[in-house]
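Have a look at the structure below, then the notes.
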Amino acid sequence: MIETEQLTRRYGTLTAVDALSFRAEPGQVLGLLGPNGAGKSTVMRMIAGFLRPTAGTARVCGHDVRKESLKAKRALGYLPEGAPSYGELTVREFLTFIVRSRGLPADQGFRRFEEVVGHLQLEEVLDTCIETLSKGLRRRVGLAQAIVHNPPVLMLDEPTDGLDPNQKHAVRQLIDTMARERTILISTHLLEEVHALCNRVVIIANGRLLADATPAELEARSRYHGAVSFSAPGSGVSQEMLGRLPQVASIEVDPLDGRITVFPRPGERILEPVESLLRQQGLEVSEIQLERGRLDEVFRQITTGQSRPGPVREAGA
Amino acid sequence: MSPVMAVARRELRSFFVTPVAYVFLVIFLVLAGILTFYAGDFYDRGQADLQPFFVMHPWLYLLLAPAVSMRMWAEEAKGGTLELLLSLPMTLAQAMLGKFLAAWFFMGIGLLLTFPIWITVNYLGSPDNGVIVAGYLGSWLMAGSFLAIGACLSALTQSQVVAFILTMVVCFLLLLAGQPQVLDFLQGSVPRRLLNGVAHLSLLRHFEAIARGVLDVRDVLYFVLCIASWLTAGVLVLDLKRTP
């Protein structure tokens, strides 16, 4: 479990993290989301014990990072941003160093080493210098380092940043398999990642908490939530007809591909009425889709404060 | 294994997989030899001892110890591995001690590799080997002091060059503290008691006493305290840097 309580960090007059409180439970993958420079890394560095909070505190598995920092560090696996490691060492030497400095007993350490190396498919590069490895492999070494002591809490700072789509997929799968019994906190600015991985999202900007919700709840805030879009090539769909439906609020037509999006009035469901209307008109519809909502739009809305200023909280999962 | 040993072993590993270790050892041994035989008049003195060898060590260390210590923390800060290291379950003091011990052990290896000169002097005459052992011990203690100073100053900065120069300057000042020129310069402007204190701070003075074969507890204690206080200062510097 990770818990932060009014966590604050100032650099001179700049407040990088401002009284941040959130909580992640076992089995949860909590995404720390925010634009670049929002304070995501600073939050993680304070939880990891690398930086000291100016005020407030964080707890890892109930251990206060200020008072019981060693216990907190033992319970935590941490992948810092960019997965730093000692480039001149081989993968084997590096992981051995981590096992040793984490104080794992020799037999257990060796077993975990073997497990992790197998899990992350590092067998072939075990005796290669880390600095000669590709970015994706280096990230995997960083992940191996973070999980070698089988920590109940895992914290990954931009784990897929700079990876190609295949590598991203592999890392996400890995996180997914580890998620079941652990608490995982990942920071990201990639919205696709939120869909792929997280079951809860904390959005911060300028060091302040702006939203704490599930991805579905965030999507529900989107203008597109519940909208119906379809393409009907080669037929003049009557927008007037659609507009006359009592549940419909507005209609937009994409000027590029002619795709039509129908927005519902608040609380209305419009897929069926729209469909039946189209059928009645005998219109050829090549494909029709019910929109879940667009995270990028919600993210922009929340972080740039275009609407609903101030922190908004919804019941966490 | 304790984190101290883990850090120390990793540091040593890093020395030896990069050219740092070999460059250092070669230069140290070559310079030690040249300085002893040419600058130190090893043969012409006609005495079977290693005085000319040990007398050169402070100046040799002045150049080489900062080169060993400069990367200690500066490199970690620059490469981002500091974040990794400090998120491992160990205290700053343990990390500092591990790094220091590795560097000190490494310089000890360099010192041991000068054994041919010990063989030479034993072949040529019959020196007092007790004095020679004391000389080696004193030399190693002094190397430790230089490294401890370097460890502290390396924690101050991300730049290895800055760490190198700062360490060299501080070591130079500490070496010279007891020299007549410095004491003459300070005489009159500082109280007598303080002047005495400055004289006692001199690394050179304590080293020369040990190198003469006088293994006084006070001289040994001086070096041990010197190492301990600089390492503590280094830990404080690191701690300060992560505190807002």
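Here the protein sequences come in this chain order: A and B. Okay, so the first sequence: first residue is 1 according to the working numbering, each after it adds one. Okay, so the second sequence: first residue is 318 according to the working numbering, each after it adds one. For each residue, glycine too, the CB sits at the ideal point set by N, CA and C. Please read all numbers here as calculations on a predicted model, not as lab measurements.
Checklist entry - Quick one, are the C-beta atoms of A:Ala83 and A:Leu185 less than 8 angstroms apart? => result By 1-based counting over the first sequence, the position of residue 83 of chain A is 83. By 1-based counting over the first sequence, the position of residue 185 of chain A is 185. No, the pair does not count as a contact, with Cβ atoms beyond the cut-off.
Item to check | Inter-residue CB distance, B:Ser519 and B:Gly495 (contact presumed, cutoff 8 angstroms) | outcome: For this step, residue 519 of chain B is matched to residue 202 along the second sequence. For this step, residue 495 of chain B is matched to residue 178 along the second sequence. Contact between B:Ser519 and B:Gly495 holds: their C-beta atoms lie close to 3 angstroms from each other, under 8 angstroms.
Checklist entry - How close, in whole Å, do the beta carbons of A:Leu51 and B:Arg559 come, if the pair is a contact with beta carbons under 8 angstroms? => result To locate residue 51 of chain A, count along the first sequence from 1; it is residue 51. To locate residue 559 of chain B, count along the second sequence from 1; it is residue 242. About 5 angstroms; that satisfies the 8 angstroms criterion.
Checklist entry - In chain order, what residues of the same chain have a beta carbon less than 6 angstroms from the beta carbon of A:Ile288, not counting five sequence neighbours either side? => result Start at 1 with the first residue of the first sequence, and residue 288 of chain A comes out as number 288. So the list reads Phe230, once near-sequence residues are dropped.
Checklist entry - Does the region 409-419 of chain B touch the region 502-513 of chain B, meaning 3 or more C-beta pairs lie closer than 8 angstroms? => result They do not touch, by the three-pair rule.
Next on the checklist: Between B:Ala528 and B:Phe371, how many whole angstroms is the CB-CB distance? I'm expecting something under 8 angstroms.
Outcome noted: For the purposes of this step, residue 528 of chain B is identified with residue 211 of the second sequence, where counting begins at 1. For the purposes of this step, residue 371 of chain B is identified with residue 54 of the second sequence, where counting begins at 1. That belief holds up - the Cβ atoms of B:Ala528 and B:Phe371 are roughly 4 angstroms apart, short of 8 angstroms.
Checklist entry - Just how far apart, CA to CA, sit A:Glu3 and B:His374? => result The residue you call residue 3 of chain A lines up with position 3 of the first sequence. The residue you call residue 374 of chain B lines up with position 57 of the second sequence. If you take the alpha carbons of A:Glu3 and B:His374, they lie about 55 angstroms apart.
Next on the checklist: Could you tell me which whole alpha helix (DSSP H) segments of length 4 or greater appear in the region 63-110 of chain A?
Outcome noted: Runs of the alpha helix (DSSP H) inside the region 63-110 of chain A: 69-74, 91-101.
Item to check | Residues bridged to A:Leu7 (per DSSP) | outcome: As a first step, residue 7 of chain A must be located in the first sequence, where it is residue number 7. In the DSSP assignment, A:Leu7 is bridged to A:Leu20.
Next on the checklist: Within 8 angstroms, do at least three Cβ pairs link the region 38-57 of chain A to the region 360-370 of chain B?
Outcome noted: Judged by Cβ distances under 8 angstroms, the region 360-370 of chain B makes no contact with the region 38-57 of chain A, as fewer than three pairs qualify.
Item to check | Other residues of its chain near A:Leu295: CB distance less than 8 angstroms, five sequence neighbours each side excluded | outcome: In the first sequence, the residue the question calls residue 295 of chain A occupies position 295. Spatial neighbours of A:Leu295 in its own chain (CB-CB distance under 8 angstroms, excluding positions within 5 residues in sequence) are listed in chain order as Leu191, Val194, His195, Pro215, Leu218, Glu219, Ser222.
Item to check | Coil, strand or helix - B:Arg327 by DSSP | outcome: Taking the second sequence and counting its residues from 1, the one referred to as residue 327 of chain B is at position 10. Residue state, collapsed to three classes: helix.
Next on the checklist: Less than 8 angstroms between the beta carbons of A:Val116 and A:Ala144, yes or no?
Outcome noted: For the purposes of this step, residue 116 of chain A is taken as the residue at position 116 of the first sequence. For the purposes of this step, residue 144 of chain A is taken as the residue at position 144 of the first sequence. Closer than 8 angstroms, so yes.
Checklist entry - Going by DSSP, what residues sit across from A:Glu287 in a beta bridge? => result Residue 287 of chain A sits at position 287 when you count from the first residue of the first sequence. As computed with DSSP, A:Glu287 is found in a beta bridge with A:Ser231.
Next on the checklist: Can you pull out the residues from the region 379-397 of chain B whose beta carbon lies closer than 8 angstroms to at least one beta carbon of chain A?
Outcome noted: So the close ones are Gly396, Gly397.
Item to check | First through last residue of the alpha helix (DSSP H) which encompasses A:Glu297 | outcome: The residue you call residue 297 of chain A lines up with position 297 of the first sequence. Element bounds for A:Glu297: 295-304.
Checklist entry - Using a beta-carbon distance below 8 angstroms, is B:Ala323 in contact with chain A? => result Here the question's residue 323 of chain B lines up with position 6 in the second sequence. Yes, its Cβ sits closer than 8 angstroms to a Cβ of chain A.
Checklist entry - Looking at the structure shown, is A:Glu268 part of a helix, part of a strand, or coil, going by DSSP? => result Residue numbering aside, residue 268 of chain A sits at position 268 when the first sequence is read from its first letter. Correct three-state label for A:Glu268: coil.
Next on the checklist: From the DSSP secondary-structure annotation, give me the bridge partner or partners of B:Gln504.
Outcome noted: Taking the first residue of the second sequence as 1, we reach residue 504 of chain B at position 187. Partner(s): B:Val507.
Item to check | Cutoff 8 angstroms: B:Leu557 Cβ touching any chain A Cβ | outcome: Locating residue 557 of chain B in the second sequence gives position 240, where the first residue counts as 1. False, the Cβ-Cβ gap to chain A never drops below 8 angstroms.
Next on the checklist: Measuring alpha carbon to alpha carbon, tell me which residue in A:Ile147, A:Phe94, A:Arg102, A:Val228 is nearest A:Ser276.
Outcome noted: Mapped onto the first sequence, residue 276 of chain A falls at position 276. Comparing Cα-Cα distances from A:Ser276 to each of A:Ile147, A:Phe94, A:Arg102, A:Val228, the minimum goes to A:Val228.
Checklist entry - Quick one: Cα of A:Val312 to Cα of A:Pro53, how far? => result On the first sequence, residue 312 of chain A is found 312 positions in, with the first residue counted as 1. On the first sequence, residue 53 of chain A is found 53 positions in, with the first residue counted as 1. Below a pLDDT of 50, predicted positions are generally treated as unreliable, and A:Val312, at 46, falls in that range; no measurement from the model is reported.
Next on the checklist: Taking CB distances under 8 angstroms as the criterion, tell me whether B:Ser331 reaches chain A.
Outcome noted: Within the second sequence, numbered from 1, the residue matching residue 331 of chain B stands at position 14. With 8 angstroms as the cut-off, B:Ser331 counts as an interface residue toward chain A.
Item to check | Residue environment, A:Asp157, which counts as buried when at least 16 other CB atoms sit within 10 Å | outcome: Residue numbering aside, residue 157 of chain A sits at position 157 when the first sequence is read from its first letter. A:Asp157 sits buried, since 16 or more C-beta atoms from the chains shown fall within 10 Å of its C-beta.
Item to check | In DSSP terms, what A:Glu252 is bridged to | outcome: Counting from one through the first sequence, the residue named residue 252 of chain A turns up at place 252. BP columns for A:Glu252 point to A:Thr261.
Item to check | Buried/exposed call for A:Phe110, threshold 16 Cβ in 10 Å | outcome: If you number the first sequence from 1, residue 110 of chain A lands on position 110. Exposed, by the Cβ-count rule.
Checklist entry - Going by Cα to Cα distance, which pick from B:Phe540, B:Leu512, B:Ala472 is closest to B:Val552? => result Start at 1 with the first residue of the second sequence, and residue 552 of chain B comes out as number 235. Comparing Cα positions, the closest option is B:Ala472.
Checklist entry - For the putative contact between A:Leu32 and A:Lys40, defined by C-beta atoms under 8 angstroms, what is the C-beta separation to the nearest angstrom? => result What you label residue 32 of chain A is simply residue 32 of the first sequence in a count that begins at 1. What you label residue 40 of chain A is simply residue 40 of the first sequence in a count that begins at 1. With 8 angstroms as the limit, A:Leu32 and A:Lys40 qualify as a contact, their Cβ atoms being about 5 angstroms apart.
Next on the checklist: Tell me which residues share the same chain as A:Leu154 and place their Cβ nearer than 6 angstroms to its Cβ, disregarding the 5 neighbours each side in the sequence.
Outcome noted: Looking up residue 154 of chain A in the first sequence gives position 154. Correct list, in chain order: Gly77, Arg182, Ile184.
Item to check | Where B:Asp533 sits in the DSSP three-state scheme | outcome: As a working mapping, residue 533 of chain B is identified with position 216 in the second sequence. Note: B:Asp533 maps to coil in three-state DSSP.
Checklist entry - Pairing CB atoms from the region 440-452 of chain B with CB atoms from the region 345-353 of chain B, are three or more of them under 8 angstroms? => result With the cut-off at 8 angstroms, the region 440-452 of chain B and the region 345-353 of chain B do not touch.
Checklist entry - Out of curiosity, what's the CA-to-CA distance linking B:Ala338 and B:Phe422? => result Residue 338 of chain B sits at position 21 when you count from the first residue of the second sequence. Residue 422 of chain B sits at position 105 when you count from the first residue of the second sequence. Taking the straight line joining both Cα atoms gives about 12 angstroms.
Next on the checklist: Using CA atoms only, rank isn't needed, just tell me which of B:Ser386, B:Leu329, B:Ala394, B:Val486 is closest to B:Leu464.
Outcome noted: Walking along the second sequence from the start, residue 464 of chain B turns up at place 147. The shortest C-alpha separation from B:Leu464 is found at B:Ser386.
Next on the checklist: Could you pull the DSSP bridge partners for A:Ile175 from this structure?
Outcome noted: The count along the first sequence starts at 1 and reaches residue 175 of chain A at position 175. For A:Ile175, which the question treats as bridged, DSSP gives no partner whatsoever.
Checklist entry - From B:Gln562 to B:Arg388, what does the alpha carbon distance come to, in whole angstroms? => result A question about residue 562 of chain B goes unanswered here, because the residues of chain B that appear run from 318 up to 561.
Checklist entry - When the cut-off is 8 angstroms and only beta carbons count, does A:Phe50 lie next to chain B? => result Counting from one through the first sequence, the residue named residue 50 of chain A turns up at place 50. Using beta-carbon distances, A:Phe50 counts as an interface residue toward chain B, with a partner under 8 angstroms.
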